[in-house]
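Per numbering that gives the first Met the number 0, residue 0 is the first one in the sequence shown, and the count goes up by one each step.
Where is the CB? At the ideal position from N, CA and C, for every residue including glycine.
Remarks on the structure that follows.
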Amino acid sequence: MKTVRLALAQMNPTVGDLEGNTEKIIRYVKIAGDHAADIIAFPELAVTGYPPEDLLLKPHFITDNLEALQKIKEKVWDLTAIVGFVDKKEDIYNAAAIIHNGMVADVYHKMYLPNYGVFDEYRYFQTGTRFPIYSLGDVKFGVNICEDIWYPEGPARVQSLFGAEVIININASPYHINKV
Numbered sequence: 000m001k002t003v004r005l006a007l008a009q010m011n012p013t014v015g016d017l018e019g020n021t022e023k024i025i026r027y028v029k030i031a032g033d034h035a036a037d038i039i040a041f042p043e044l045a046v047t048g049y050p051p052e053d054l055l056l057k058p059h060f061i062t063d064n065l066e067a068l069q070k071i072k073e074k075v076w077d078l079t080a081i082v083g084f085v086d087k088k089e090d091i092y093n094a095a096a097i098i099h100n101g102m103v104a105d106v107y108h109k110m111y112l113p114n115y116g117v118f119d120e121y122r123y124f125q126t127g128t129r130f131p132i133y134s135l136g137d138v139k140f141g142v143n144i145c146e147d148i149w150y151p152e153g154p155a156r157v158q159s160l161f162g163a164e165v166i167i168n169i170n171a172s173p174y175h176i177n178k179v
């Protein structure tokens, strides 16, 4: 039987508190490692807090977020961590870093960006275009972010068609009592 021990870090990151959020993430990585987890998954945009909104317009905020991710990766060794952060290529992306053995093994970019109610992600982020599959031992898994899982023909379906046995979806939906 294939098994993966998955830890979920249900933390409450503070928007804009990169240092505090990074400390929390590193603390939870240690706890997960102490409990022999194979994977620990953090919320969407755990490094920056959600939603970072106009902080994303400040170049130093993006750079500081990337530096925070470097500090985090140095603390991830005997497990895999999935950490929400803001990735910067030619544009910026709502992203999940897949970290293993002190390295960012890959980065997933969110594909379905909400733009209704309190959500304004199209204003800030570009959409992802890849459907990567990852392996941990003999278990294949996909990673996606929040609204990506809501669509029947979305990333989770494509990832499952390409062999993912597990889908890990990180999100940071606003909390309220009795939310279903």
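Item	Value
Beta-carbon gap between Glu43 and Gly83 smaller than 7 Å	yes
Residue of Thr126, Leu65, Arg122 and Ser159 minimising C-alpha distance to Gly141	Ser159
Cβ pair Ala95, Val103 closer than 7 Å	no
Span separating the alpha-carbon of Tyr133 from that of Tyr107	11 Å
Alpha-carbon to alpha-carbon, Asp147 and Asn168	8 Å
Cβ contact (3+ pairs, closer than 8 Å) linking the stretch 67-81 and the stretch 121-132	no
Start-to-end residues for the alpha helix (DSSP H) that takes in Asn100	Where Asn100 is concerned, there is no enclosing alpha helix (DSSP H), given that its DSSP letter is neither H nor E.
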